[in-house]
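Numbering-wise, our numbering puts 164 at position 170 of the sequence shown, and it's gapless, one number per residue.
For each residue, glycine too, the CB sits at the ideal point set by N, CA and C.
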Amino acid sequence: MTILRRTLALVACLTSGLLLVASVQSPTSARTPDERCAGHARIPASALRHGVALGCSLVGRTVYDGRVAVVVPPAGVSVAGDGIGTHGEVVGLRVSNTGSVVRATTGAAALPTGAAAARGSARATDPAECKDRTFHLEGHRWRSSLHYGVNLAKKPTGLAAATVIHQIKVGNANMRKGRNSCGRALLATPVATFEGRTKTAPNIKPHAGSITCGAFNTTNVVGFGNLPGDLLGWTCYWWVGSGKMGAADIMLDNGNRLVTSIPAGCTNKWDFEGTVTHEFGHAYGIGHTGSGHSNLTMDHTERPCSTYARTLGLGDWLGMKKMYGVS
């Protein structure tokens, strides 16, 4: 009995010791926060690349990759930013929030600034616009009409307001109807509704070396701003659930590079309507084609001194047709 009592006492002692260790260690480890949950600092996209369930809400936090950033949207909403440049230095960024997992995805790196000459020669060797069937869909589309307004507060002084509004409306129709140079039928994309001029600014924040898609709202605005680097246009768009487009904002550069008509002896000027057409492509759910497709409207760069981007190439049209069908 004595041996038995000593054995039981030893077991009880060891057990209480383990419980004591657990009671000291467990709360400490439970209180150790993931660094991505702490504070309000910006979060690199690489930290969310594989999708993480953090046990904390990141809604309202800014995720960045290089000079591109987005604000994490509410649960069930995804956001992306993408645009067009003179030399294609743009890398798009998207962040999805399922409510339990937040994931960041970046687009493929484009060509560096010094590659303008190479891009010019590529246009001669890449497939012609009516031979190139390439397109990339982002996985979301409008189920009903896109209602949008135009904010001219930061419009370039050299562009007439009436002409700007006209070309924005036409650029929307170019993409929505699938106007093309390849003899293809018009598309059945839901009718867009222009709601006139607005004082609301696009939900896009440009800075000297970066650009950010703001917090989710459902007001769609086309406007102007001082875009960084060689960007001509930028679109932020939000979709809900598995692919229902919820909002889209477009910002066009307010410098002197965009023109509403190509001047004689043109150098280093880019077509305003063609740029708008490309950006509405993002707003309707089409992504960039990737390298080797420089004659399509949805290429990540735009050819200077040309209006080619106003009409869709075959790949652009096929992508929109896949989403919206033909009339």
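Span of the beta strand (DSSP E), counted from its first residue to its last, around residue i
i      : result
THR401 : As shown, the chain starts at -5 and ends at 321. That puts residue 401 outside it, with no answer to give.
GLU296 : Per DSSP, GLU296 belongs to no beta strand (DSSP E) and is neither H nor E.
PRO200 : 198 to 200
CYS388 : What the structure shows of the chain is the stretch from -5 to 321, and residue 388 is not part of that stretch, so it cannot be assessed.
HIS141 : 141 to 144
PHE188 : 187 to 191
ASN91  : 87 to 91
THR56  : 56 to 59
ALA98  : 96 to 100
PHE210 : Looking at the DSSP string, PHE210 is not in any beta strand (DSSP E), and its letter there is neither H nor E.
C-alpha gap between residue i and residue j, whole angstroms
i      : j      : result
VAL320 : PRO200 : 37 Å
ASP126 : ASP310 : 9 Å
THR183 : THR305 : 16 Å
PRO38  : ALA74  : 15 Å
VAL57  : SER285 : 26 Å
ARG297 : VAL65  : 31 Å
SER300 : ILE78  : 15 Å
THR192 : THR213 : 10 Å
GLU273 : ALA41  : 29 Å
VAL95  : ALA63  : 19 Å
TYR318 : GLY203 : 36 Å
LEU225 : THR80  : 7 Å
ASP265 : GLY240 : 28 Å
ALA209 : GLY259 : 43 Å
VAL253 : THR92  : 41 Å
ASN289 : HIS44  : 34 Å
ALA154 : HIS130 : 34 Å
GLY275 : GLY281 : 7 Å
PHE188 : ALA195 : 16 Å
LYS316 : ARG178 : 13 Å
ASP293 : THR128 : 10 Å
THR271 : ARG55  : 31 Å
TYR142 : ASN166 : 10 Å
ARG36  : GLY70  : 21 Å
ARG173 : ASP243 : 22 Å
ASN211 : SER255 : 34 Å
HIS160 : THR295 : 23 Å
Residue i in three-state terms, based on DSSP
i      : result
VAL66  : coil
ASP247 : strand
VAL46  : strand
VAL164 : helix
LEU306 : strand
LYS316 : helix
TRP136 : coil
MET239 : strand
THR119 : helix
SER72  : strand
VAL253 : strand
Residue range of the alpha helix (DSSP H) that includes residue i
i      : result
GLY266 : Per the sequence shown, residue 266 should be read as Phe rather than Gly. Segment 266 to 278, the alpha helix (DSSP H) holding PHE266.
Neighbour-count burial assignment, residue i, 16 or more Cβ in a 10 Å radius
i      : result
THR206 : buried
THR151 : exposed
SER72  : buried
GLU132 : buried
SER90  : buried
PRO257 : exposed
VAL215 : buried
GLY307 : buried
SER138 : exposed
VAL158 : buried
VAL185 : exposed
THR262 : The question names Thr, but residue 262 in the sequence shown is Asn. Flag for ASN262 reads exposed.
ALA118 : exposed
VAL144 : buried
HIS34  : exposed
ALA156 : exposed
HIS287 : buried
GLY101 : buried
GLY49  : exposed
GLY235 : exposed
Expected contact under 8 Å - CB spacing of residue i and residue j to nearest Å
i      : j      : result
TYR278 : MET314 : 7 Å
GLY217 : LYS148 : 7 Å
SER175 : CYS230 : Not quite, the Cβ-Cβ distance comes to about 29 Å (not below 8 Å), so this is no contact.
VAL85  : ASP59  : 6 Å
PRO355 : VAL46  : An answer regarding residue 355 cannot be provided, because it is not within the stretch -5 to 321 covered by the chain.
LEU221 : TRP232 : With a Cβ gap of about 20 Å, LEU221 and TRP232 do not count as contacting.
GLY249 : ALA303 : About 18 Å; that fails the 8 Å criterion.
GLY237 : ARG135 : 6 Å
Distance cut-off 7 Å: residue i Cβ against heavy atoms of the ligand MN
i      : result
TRP136 : The ligand MN is absent from the structure shown, which contains no ligands of any kind.
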